[in-house]
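Down below is the structure, laid out as C-alpha cells.
Protein chains: 2
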Amino acid sequence: MTEQEQLRLTARAAVLKALAHPTRLWLLEQLQQQEHCVCDLTDGVNADISTVSKHLSVLKQAGIISSRRDGKKIFYRLETPCLLKMFGCVEAVLEKNAKAQAALLKPS
Amino acid sequence: MTEQEQLRLTARAAVLKALAHPTRLWLLEQLQQQEHCVCDLTDGVNADISTVSKHLSVLKQAGIISSRRDGKKIFYRLETPCLLKMFGCVEAVLEKNAKAQAALLKPS
DNA sequence: TTATCATTTGGCAAAGTGACCAAATGTTAT
DNA sequence: ATAACATTTGGTCACTTTGCCAAATGATAA
Chain A
1 MTEQEQLRLT ARAAVLKALA HPTRLWLLEQ LQQQEHCVCD LTDGVNADIS TVSKHLSVLK
61 QAGIISSRRD GKKIFYRLET PCLLKMFGCV EAVLEKNAKA QAALLKPS
Chain B
1001 MTEQEQLRLT ARAAVLKALA HPTRLWLLEQ LQQQEHCVCD LTDGVNADIS TVSKHLSVLK
1061 QAGIISSRRD GKKIFYRLET PCLLKMFGCV EAVLEKNAKA QAALLKPS
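Residue numbers (my numbering), protein chains in the order written: chain A, 1 to 108; chain B, 1001 to 1108.
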C-alpha cells in the first residue's frame, strides 16, 4: 500500500465510518425527502438532543449533509442522495448472510 | 425509530463498519480480481500478519468475503463485488468536499 | 434587558477498536 | 514423531467512540 493509496483509502474510510452507525443511518433516511431541524429528528430517536446533534455533526463533518439556520432552528439536508441508493448492495450482503444462516439450520 | 428499524439499521451499520478502515478497503481492492492468501496480502500492507488476519476476519464476519483452505494456505475471495462499485458515490462525496475546500481558499 | 427556545460544546465514564507480540492451531514434509 | 510453514487466537495497551448531563452560544420575543 503506497502512501498515496493510504491517503485515498483513509479518506474513503472516513466517509464510511460516518455512515456506520444505526442512528446516523436513520437520520439520513429522514433527510431523504426533505430537510429537517434537530428538534424534528430528536423526536424520532431514543436519545438525548445533544447526542443527536453530535451525530449530525459527524455526518456534516464528513460532507454527507449540510445545515442552514432559519431563526432559532437549524435545518439539515442531505448533500449526496446517491448514498441512499448505495445501500442496495449492503442489503445484498445482508440477504446473502441470511440465506447462508438458513442453509446452516436446515442441512437437508 | 421502531425496534424493527433499529434492528435493520444496526445490521446495515455493521456492514458499513466492516468496510470503514483503510487497510480493509485495500484488502478488498486486492481481492477484486482474484482470490489471495493471507501471505500475499500481508506483503502489501505495512502491518503484522496477525493484524491482517484480524482485518480479514472482520470482513468475513460481515459476510463480505469468504475463505477456503488449500494446503497450508487459506485463500480469501470477495463475495459481493457490487460493494466496490458502490464506492463511486463515496468518491462523489470526497470530490464535493474537495471543491468546497477549494472554494473557501479562493474567495474570488 | 431579560426570558425563552433551539442547538452546540465540554467533560466524563463505559464500551469498543486497532496494533503488536507471543502462544496455539492446523497442515504438509522429513 | 518432529519440524517447518501459514494462519489464527489471546493478551495487553493506547486511542477512539458513544451517550448523558450540565453549561455555553445564538436567536427571537416580551
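Cβ coordinates follow ideal geometry from the N, Cα and C atoms, glycine included.
Taking only three categories from DSSP, how would you classify H55/A? helix
Could you tell me which chain A residues have their CB closer than 8 Å to the CB of R1012/B, listed as they occur along the chain? Residues of chain A passing the Cβ test: P22, L25, F87, V90, E91, L94.
Measuring only from the beta carbon, is Q32/A closer than 7 Å to any heavy atom that is part of the ligand FMN? In terms of ligand content, the structure shown is empty, and the ligand FMN therefore cannot be addressed.
State yes or no: is the beta carbon of E79/A nearer than 8 Å to at least one beta carbon in chain B? yes
Of all the options S1050/B, G1071/B, Y1076/B, A1047/B, which has the alpha carbon lying nearest to the alpha carbon of L1028/B? Out of S1050/B, G1071/B, Y1076/B, A1047/B, Y1076/B has the C-alpha closest to the C-alpha of L1028/B.
Contacting residues, own chain, Cβ-Cβ under 7 Å from T80/A (five flanking each side not counted): I64
Just to confirm my understanding: we take T42/A, look at its own chain, exclude 5 residues before and 5 after, and list those with CB closer than 6 Å. What are they? I49, V52
Within this structure, are the beta carbons of L94/A and A1018/B separated by less than 8 Å? The answer is no: Cβ separation not under 8 Å.
With burial defined as no fewer than 16 other Cβ atoms inside 10 Å of the residue's Cβ, what is the status of L1105/B: buried or exposed? exposed
Ends of the beta strand (DSSP E) at D1043/B? Membership of D1043/B in any beta strand (DSSP E) is not indicated; the residue belongs instead to the alpha helix (DSSP H) covering 1038-1044.
On the criterion of 16 or more Cβ atoms from any shown chain inside 10 Å, does P107/A qualify as buried, or is it exposed? By the neighbour-count rule (16 or more Cβ atoms within 10 Å), P107/A is not buried but exposed.
Leaving out five residues before and five after R1068/B in sequence, what residues of the same chain have Cβ atoms less than 6 Å from its Cβ? F1075
If you reduce the DSSP assignment to three classes, tell me which class K106/A lands in. K106/A: coil per DSSP, three-state reduction.
T2/A classed as buried or exposed, judged by whether at least 16 other C-beta atoms fall within 10 angstroms: Exposed, because fewer than 16 other Cβ atoms sit within 10 Å of the Cβ of T2/A.
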